[in-house]
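Colleague: Residue numbers (my numbering), protein chains in the order written: chain A, 3 to 112; chain B, 3 to 170.
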Amino acid sequence: MFAQASAKTAEYAGKIVHVNEEGFLLDPTEWSPDIAVEIAKEEGIAELTPLHWQVIDFCRKHAVNGRSPTLRQITSGTGISTKEMFSLFPKGPAKKVARIAGLGKPEGCV
Amino acid sequence: MADENRKMAFICSKGTLDMAYPALVMGWAALGNGVDVMIFFTFWGLDIIRKARVEHLELAPVANTSMKMSLMGLKGADNIGIPNAVGVLPGMTAFATKLMKDKIHALGVPSVREYLQMLLDGGAKLYACKMTVDMMGLTKEDFVDDSIEIVTASDFIDMTEGAQIIFI
């Protein structure tokens, strides 16, 4: 899974995980809900509500090659609107939820 | 983290189907990266946000040197053009437009109207150029969303202080 043996690590919820330069987890299997809570705090989201978790679960379930779905895939897959997504995960929802969900950045333009 | 958020301002001056998408795609990508987005529609670019035109943007094969027969489905014909004399035939613009729209749809890319809604929902601000609006005899009601403001070029210059400006 890790291409670089020298990959950076970070500690969340008492666990060491491998991350890339931008702080995205390199191995989705190292992720846990406790880790999500801590990364969310780093991203400025103080508390993960059930709606946040619905999005996180959706992304974990629909990740392709460890990469999170795009925002449009999330909105059409969960029924959560674009507006709600921007208020749940302000400033770049798909990217933000990808990081919190322990996945790679989404690929694709929409 | 920087004190002020990164801002991008797009100026859409063209109203053809192929010139509508760049700002929509890049604007959406910018929102996805937490960047503030403004889009200013001027001259023919106003067609992109006009209720009457948004679903009817077209692509003309005449004088389009990049549109080759390969777009028409002829495999490998990347360097065989559509003669301008053929492009002027009735229905050719509609035909080329339909082909392009089918390709856009097949890729799962949203329509122009849907993209505009996504941008607005994501917090982008859309503006119409006052001079063009006056010249074309339009009003605020002619645009696809109530939130679209009519502003002068001078307003635009004020609003875009510190923004990266992209002219299309």
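Cβ coordinates follow ideal geometry from the N, Cα and C atoms, glycine included.
Could you spell out where the alpha helix (DSSP H) holding MET40 (chain B) opens and where it closes?
Modeller: Run containing MET40 (chain B): none in the alpha helix (DSSP H); it sits in the beta strand (DSSP E), 38-43.
Colleague: Below 9 Å on C-beta distance, what does MET120 (chain B) contact in chain A?
Modeller: Chain A residues near MET120 (chain B): LEU73, ARG74, THR77, THR84, VAL112.
Colleague: Is the beta carbon of GLY124 (chain B) sitting closer than 9 Å to the one on THR84 (chain A)?
Modeller: Yes, these two residues count as a Cβ contact at 9 Å.
Colleague: When DSSP labels each residue in this structure, what does GLY47 (chain B) get in the three-state scheme?
Modeller: Looking at GLY47 (chain B) - three-state DSSP - the assignment turns out to be helix.
Colleague: Is the separation between the beta-carbon of MET102 (chain B) and that of LEU73 (chain B) shorter than 9 Å?
Modeller: Contact flag set, yes.
Colleague: Ends of the alpha helix (DSSP H) at PHE158 (chain B)?
Modeller: That run of the alpha helix (DSSP H) goes 155-161.
Colleague: For MET94 (chain B), does the three-state DSSP call read helix, strand or coil?
Modeller: If DSSP states are grouped into helix, strand and coil, MET94 (chain B) belongs with the helices.
Colleague: Can you find the residues in the same chain that come closer than 7 Å, C-beta to C-beta, to MET69 (chain B), ignoring five residues on each side of it along the sequence?
Modeller: Excluding sequence neighbours, MET69 (chain B) sits near PRO63, ILE84, ALA98.
Colleague: For the pair the segment 136-143 of chain B and the segment 96-109 of chain A, tell me if three or more CB-CB distances fall below 8 Å.
Modeller: Touching, no, given that fewer than three Cβ pairs across the two stretches are closer than 8 Å.
Colleague: For VAL58 (chain B) and LEU73 (chain A), what's the separation of their Cα atoms in angstroms?
Modeller: Checking the sequence shown, residue 58 (chain B) turns out to be His, not Val. Roughly 27 Å separates the two Cα atoms.
Colleague: Please confirm if ALA103 (chain A) has its CB atom under 9 Å from at least one CB of chain B.
Modeller: Not one chain B Cβ lies under 9 Å of ALA103 (chain A).
Colleague: So, helix, strand or coil for ALA165 (chain B), using DSSP?
Modeller: ALA165 (chain B): coil per DSSP, three-state reduction.
Colleague: Answer yes if the segment 77-91 of chain A comes into contact with the segment 16-26 of chain B, meaning at least three C-beta pairs across the two stretches below 8 Å, and no otherwise.
Modeller: No: fewer than three Cβ pairs fall under 8 Å.
Colleague: Exposed or buried, what is ALA106 (chain A) when buried is set at 16 or more other beta-carbons lying within 10 Å of its beta-carbon?
Modeller: Residue 106 (chain A) is actually Gly in this sequence, not Ala. It counts as buried.
Colleague: Tell me whether the segment 11-23 of chain A and the segment 35-42 of chain A touch, counting them as touching only if at least three CB pairs, one residue from each stretch, are closer than 8 Å.
Modeller: Counting Cβ pairs under 8 Å, three or more are found: they touch.
Colleague: Find the residues of chain A that neighbour ALA31 (chain B), judging by a C-beta separation of less than 8 Å, and give them in chain order.
Modeller: Residues of chain A passing the Cβ test: CYS111.
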